[in-house]
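Q: Be aware that the sequence shown starts at 11, since it is given in the working numbering, and climbs by one per residue.
All residues carry an ideal CB built from backbone N, CA and C; glycine is no exception.
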Amino acid sequence: MAFSKCDRDVLIFAGISLATYDKDWKYAQDVCIKLFDYPNKTVRGNAILGLETIAHRHQTLDKSLVVPILLRGLRDREEEVRTRAKDTINRIAPILDWDIEDDLLKTEPFP
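1. Take Ala-38 and list the residues in its own chain whose beta-carbon comes closer than 6 Å to its own, dropping the five residues that flank it on each side.
2. Flag this pair as yes or no: are the beta carbons of His-68 and Trp-108 separated by less than 8 Å?
3. Given this structure, state the Cα-to-Cα distance separating Leu-106 from Ile-22, to the nearest angstrom.
4. Which same chain residues end up closer than 6 Å to Phe-46 when comparing Cβ atoms and leaving out the 5 residues on each side of it in sequence?
5. Report, in whole angstroms, the separation of the C-beta atoms of Thr-98 and Leu-61, which I expect to be a contact under 8 Å.
6. Comparing C-alpha positions only, which one of Tyr-48, Ile-110, Thr-70 and Arg-101 sits nearest to Asp-86?
7. Pull up the CB-CB distance for Gly-83 and Arg-94, whole angstroms please, since I reckon it's below 8 Å.
8. Whole angstroms are fine: how far does the CA of Lys-44 sit from the CA of Thr-70?
9. Can you find a heavy atom of the ligand FMN that lies under 7 Å from the Cβ of Gly-60?
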C-alpha cells in the first residue's frame, strides 16, 4: 500500500474514517500503521488517533504491531505527533489492559 503526496488531503482523514466506520478493525489498524510512515505530521498524528479510535470502538489492537508505532510516535520530530502518541498511550493502555512501561524503558531517549 503506497500513498503519494497528492493524496495528503484524503489521507489526513483516512485512518480516522476507517477506524470509525469500518467493521474490520484489523484492516483499519493496518491502514493506520501504513499511514504513520507518511511524511505529513497531521497524517501521522491522525493515524495514531485512528488506532486510539479502534481501541475504543473494538476493544482490541494487535499490541505487537501497535506499540512500536506508538513508541516511534513518542520520538517523532514533530511535537504534535509526540503529544498525540503520549495521549493515545494514556487512553488505550487501561482499555486494552496494556502495561507498556517495559516497552518504554527499552526505547531511546525522547527529544
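A: In brief:
1. So the qualifying residues of the chain are Leu-28, Ala-29, Asp-32 and Ile-64.
2. no
3. 25 Å
4. Arg-54, Ala-57 and Ile-79
5. 7 Å
6. Tyr-48
7. 7 Å
8. When only Cα atoms are considered, Thr-70 and Lys-44 end up about 18 Å apart.
9. Of ligands this structure carries none, so the ligand FMN is not represented either.
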